[in-house]
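Step one of this worksheet: look at the structure below.
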Amino acid sequence: MDTSVENGIVTRSELQLRVTNSTPEAIAAKAKKSLKRSFRHIRTESVFKRTLIIMGLVMVILVLGIFLTLVVQSLPSIKSLGLKYLWGKVWDPVQDIYGAFPFLLGTLISSFLALIISIPFSVAVAIFLGEYHPKGWLPDFLKNTVELIAAVPSVIYGFWGLAILVPMVRTLENHIGVEPVGVGIFSSSLILAVMIIPYAASLGRSMIQLVPSPLKEAAYGLGATRWEVIRSVVLPYTKSGLFAGILLSLGRALGETMAVTMVIGNTSIIPKNIFAPGNTMASVIANEFTEADKPVYVSALIELGLVLFLVTVVINLIGKKIIDRFTND
Amino acid sequence: MKADNVKFRIGKSYGFQALVTALAFACVIPLIAILFFIIKAGITKINWHFLVNVPKPVGEVGGGIANALVGSILIIAVASVIAVPIGIMAGIYLSENRKSRLAYWCRLSVDILQGVPSIVIGIIAYFWLVKPLGGFSALSGSIALAIMMIPIIVRSTEETLKLLPSSLQEAAFALGMPFHRVIFKVVLPVGVSGILSGVMLSIARITGETAPLLFTAFGNPYLSTNLTKPMQSLPLLIFNYATSPYNDWHDLAWGASLILLFWVLFLNIFTKLITRKWKVQL
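Going line by line, the protein sequences match chains F and Y.
If you read the first sequence in the numbering used here, its first letter stands for residue 89, the second for the next number, and so on.
If you read the second sequence in the numbering used here, its first letter stands for residue 32, the second for the next number, and so on.
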């Protein structure tokens, strides 16, 4: 009997044995057992489903929690400083004067300058990879390299900027005759420009590849040159997608902390020109949060965080909306 | 006249192609420059002593980054333990319930979470953990990093599972399998490659994060494995020592930068290779 089971073959005699063995009680016990198992499965199933729903809820709670924490913690500063906080031009915690305007300005100037510097490069990468050379080892190399730009930690960009870029900017400043500090808004914009290239480039590339080829072929058929096709078919078609990519880059630039903190110079006065040292919202939080000793001081810094949070949320959501509409059409 | 015009247009077209190509390949320069410089400055600092010693006070030669290495690994490991189950489950929820109202809000939240600046996450972790627990701790740093990992894992899990043919699941259901077993025995094993690449990508993303750790893990000049106490990590060490005025510390930071850079690039390239091998789309 043993050998037959081992071989997986059930002999007739064994089958009879099995049948005769299963008394009504045994069958009932078996049925009860399997029923029990089914119930257990059903119970686990509903527990599992509930866990999944809870995890979905956790995401929503996390975001709401972040928002509420920022609001609650910045209430003291909103109450005592009011709206003029955002337009106050002087930041002097020792004298209890808090004005966020220098940081708002620093953030806007450095981010938009970075954006202006990076747009030609990121659009060029997008056109090159999306239109000129979608396949081959060289475009693959370019694509991977550009993606790796996004992978380098920002603290390393900051360190490199401090050691290499700042002296270069200082020489440049000597040449054009502004105060040669080196660190400042211009240096941080340069670093930011490098860091945000990949975001617009990779999105732009995938958008350009979505352009229907009949459109392009029709233009070629009319005798258009390659550049004319890009300018009057590809770019107009992908306008909103490129815009979304640039928006996402801007969101990155606004929130970037470490690299900017290391090269911007960290002074809380309104910058006189783009070469002057300054501070951004993120960098002032990074620098002063742990040494803020007064409740209003801490709260004022958190209000900056709240502004940063709201601005990046709005920018990201608009960007995502545009992408969704573009890819669904 | 007309032929000249055509020639001009063709020339213009080639001109722009050259311009676009030049601009596109100019983007490679910064990465190469950073790699080159950091290898040049860091390679001489790295030896066995550098990896197994803790930093020495200013003025003494030698010293290493053992505390930062151990700290980084611990903080990231704890962050992954927290983020991976939550992220994968939320991703499963999103792919199984595409149309429900909660799924819409959940998806929106994940999008928002992905764009939140890292410094804001640092503030949040400070108020949620550091203040109630009464001091800087590695655990709070891990949770801050976990919050940054979650959206990446959720997104990659959802995208991977969405691509699986629904007949797979239907076949399993038809055999009478309960929902959780369908997920654990059919859906997850088939989608494991995509989910795993998402997890790796999220680890690569947080390895270099400094801002969330500034007010949470805080940094520690000594070797510590206590999760409830401040802990050093590689990016924190680089930030603190790079902005210090001492040359010895700069040297330490260069060596640490090289290790961090290779760690992150290795993770990224490895992820890229496995996604290509397994033909996963992220």
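Cβ coordinates follow ideal geometry from the N, Cα and C atoms, glycine included.
Since we're looking at a predicted model, the values are computed, not measured.
ask   = Which residue from F:Val-348, F:Lys-137, F:Gly-407 and F:Thr-415 puts its Cα closest to that of Leu-253 (chain F)?
value = F:Val-348
ask   = From what residue to what residue does the alpha helix (DSSP H) around Val-83 (chain Y) run?
value = 79-83
key: Ala-364 (chain F) versus Leu-226 (chain F) - alpha carbon distance   = 40 Å
Three-way DSSP call (helix, strand, coil) for Pro-86 (chain Y) in this model = Strand at Pro-86 (chain Y).
inquiry  = Let me check understanding here. Comparing Cα to Cα, which of F:Val-213, F:Leu-394 and F:Thr-157 lies closest to Ser-290 (chain F)?
reply    = Of the listed residues, the one whose Cα sits closest to Ser-290 (chain F) is F:Val-213.
query = Helix, strand or coil: which one does DSSP assign to Gly-366 (chain F)?
reply = Three-state result, Gly-366 (chain F): strand.
message = Quick check on Pro-266 (chain Y): buried or exposed, where buried means 16 or more other Cβ atoms within 10 Å of its Cβ?
response = buried
inquiry  = So the candidates are F:Pro-164, F:Met-283 and F:Ser-277; which of them puts its Cα closest to the Cα of Val-386 (chain F)?
reply    = F:Pro-164
query = Who are the near neighbours of Asn-496 (chain F) in its chain, counting only those whose CB is closer than 6 Å to its CB and skipping five residues on each side?
reply = Residue 496 (chain F) lies beyond the stretch modelled for chain F, which goes from 89 to 417, so this question has no answer here.
request  = Check whether the stretch 260-275 of chain Y touches the stretch 183-190 of chain Y, counting contact only when three or more Cβ pairs, one atom from each stretch, lie closer than 8 Å.
outcome  = no
Straight-line gap, Met-179 (chain Y) to Val-317 (chain F) (C-alpha atoms, nearest Å) = 41 Å
ask   = Expressed to the nearest angstrom, what Euclidean distance is found between the alpha-carbon atoms of Phe-127 (chain F) and Leu-152 (chain F)?
value = 37 Å
request  = Can you say whether Gln-183 (chain F) is buried or exposed, counting buried as having 16 or more other CB atoms within 10 angstroms of its CB?
outcome  = exposed
task = Measure how close the beta-carbons of Val-151 (chain Y) and Phe-397 (chain F) come, nearest whole angstrom, since I'm counting them as under 8 Å.
result = 5 Å
Interface residues of chain F facing Trp-136 (chain Y) [CB-CB closer than 7 Å] = Val-148
message = Taking 7 Å as the threshold (C-beta atoms), are Ile-411 (chain F) and Ala-341 (chain F) in contact?
response = no
ask   = Does at least one heavy atom of the ligand PLP sit under 6 Å from the Cβ of Leu-133 (chain Y)?
value = Among the components of this structure there are no ligands whatsoever, and the ligand PLP is therefore not found.
key: Range covered by the alpha helix (DSSP H) that runs through Asp-381 (chain F)   = Run containing Asp-381 (chain F): none; DSSP gives neither H nor E here.
ask   = Roughly how far, in whole angstroms, is the beta-carbon of Ala-235 (chain Y) from the beta-carbon of Phe-167 (chain Y), given that I think they are within contact range, below 8 Å?
value = At roughly 25 Å, the Cβ-Cβ gap does not stay under 8 Å, so Ala-235 (chain Y) and Phe-167 (chain Y) are not in contact.
Beta carbon of Thr-191 (chain Y) nearer than 7 Å to that of Gly-222 (chain Y) = yes
ask   = Can you name, in chain order, every residue of its own chain whose Cβ lies under 8 Å from the Cβ of Pro-359 (chain F), other than the five neighbours on each side?
value = Around Pro-359 (chain F): Pro-190, Leu-193, Gly-194, Ile-197, Gly-272, Ile-273, Pro-365 and Gly-366.
As assigned by DSSP and simplified to three states, the class of Met-28 (chain Y) = An answer regarding residue 28 (chain Y) cannot be provided, because it is not within the stretch 32 to 313 covered by chain Y.
key: His-211 (chain Y) beta carbon less than 7 Å from that of Phe-136 (chain F)   = yes
key: Beta-ladder partner(s) of Asp-180 (chain F), from DSSP   = F:Ile-185
task = Alpha carbon to alpha carbon, how far is Leu-105 (chain Y) from Asn-271 (chain Y)? Give it in angstroms, no decimals.
result = 20 Å
query = Under a CB-based cut-off of 7 Å, is Met-346 (chain F) close to chain Y?
reply = yes
request  = Check each candidate in F:Met-369, F:Glu-379, F:Thr-400 and F:Ile-207 and name the one with the smallest Cα separation from Glu-391 (chain F).
outcome  = F:Met-369
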